[in-house]
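Novice: Following this message is one structure expressed as structure tokens.
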């Protein structure tokens, strides 16, 4: 797989994102984001740049204790065009909504009658994490006929890198890693890049644009 560095973005990024959203989505898409140390700020930058018209649900694992994830979701919801909320057991995924895994629960997705539903689990921690990015990615890899955009941002450790391998087997993965220059901790993105399953490395300010470019692909 060829790894590509994303060039600089013009000041009109917001306009580019809106225009990209209007091109249409040709297959169902799902955006999955994993982050840890430095993640709340990184999520604010990325999510606040996504248009409300985005034709995909956004699934987020942020390593954070219980209660704090709900506060994070509520705060992001006040500053983003998209809706941001803490994920709830059994709810059906909708386009234009970002779902943050609640602290101390693994975040999984189940497919039932052509819908995607949230499944929360208290199963054992994975590499010391619950929620775990690997668990989310592995769950999503089992979905049928969905194009997946996976993003690994700032964080300590390697969470998400094993899950990328599972996602790559679907043949429907586009993976993005945050660049070292913009990371608070270049652990998780570095481990992701080392898997050779990452398509593009982008600075924090560029990630939303890369996501929207992938959203416009026919697949």
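Numbering (my numbering), first residue to last: 138 to 356. C-beta: ideal position from N, C-alpha, C; glycine also.
Helix, strand or coil for residue 193? Go by DSSP, reduced to three states.
Specialist: Coil at residue 193, not helix or strand.
Novice: Taking the DSSP output, what are the residues bridged to residue 252?
Specialist: BP columns for residue 252 point to 249.
Novice: According to DSSP, residue 266 sits in a beta bridge with which residue or residues?
Specialist: Bridge partners of residue 266: 263.
Novice: May I ask you to report which of helix, strand or coil DSSP gives residue 323?
Specialist: Residue 323: strand per DSSP, three-state reduction.
Novice: Using a Cβ distance threshold of 8 Å, determine whether the segment 222-237 contacts the segment 297-316, with at least three qualifying pairs required.
Specialist: With the cut-off at 8 Å, the segment 222-237 and the segment 297-316 do not touch.
Novice: At the level of alpha carbons, what is the spacing between residue 175 and residue 325?
Specialist: If I take the Cα positions, the gap works out to 11 Å.
Novice: Taking only three categories from DSSP, how would you classify residue 213?
Specialist: In this structure, residue 213 counts as helix in the three-state DSSP scheme.
Novice: Exposed or buried, which one is residue 272 when buried takes at least 16 other CB atoms within 10 Å?
Specialist: Counting Cβ neighbours within 10 Å, residue 272 comes out buried, since at least 16 surround it.
Novice: Rank 269, 342, 307 by C-alpha distance to the C-alpha of residue 314 and give the top, closest one.
Specialist: Cα-wise, what sits closest to residue 314 is 342.
Novice: What residue range is occupied by the uninterrupted beta strand (DSSP E) comprising residue 284?
Specialist: 284-289 is the span of the beta strand (DSSP E), which, as asked, contains residue 284.
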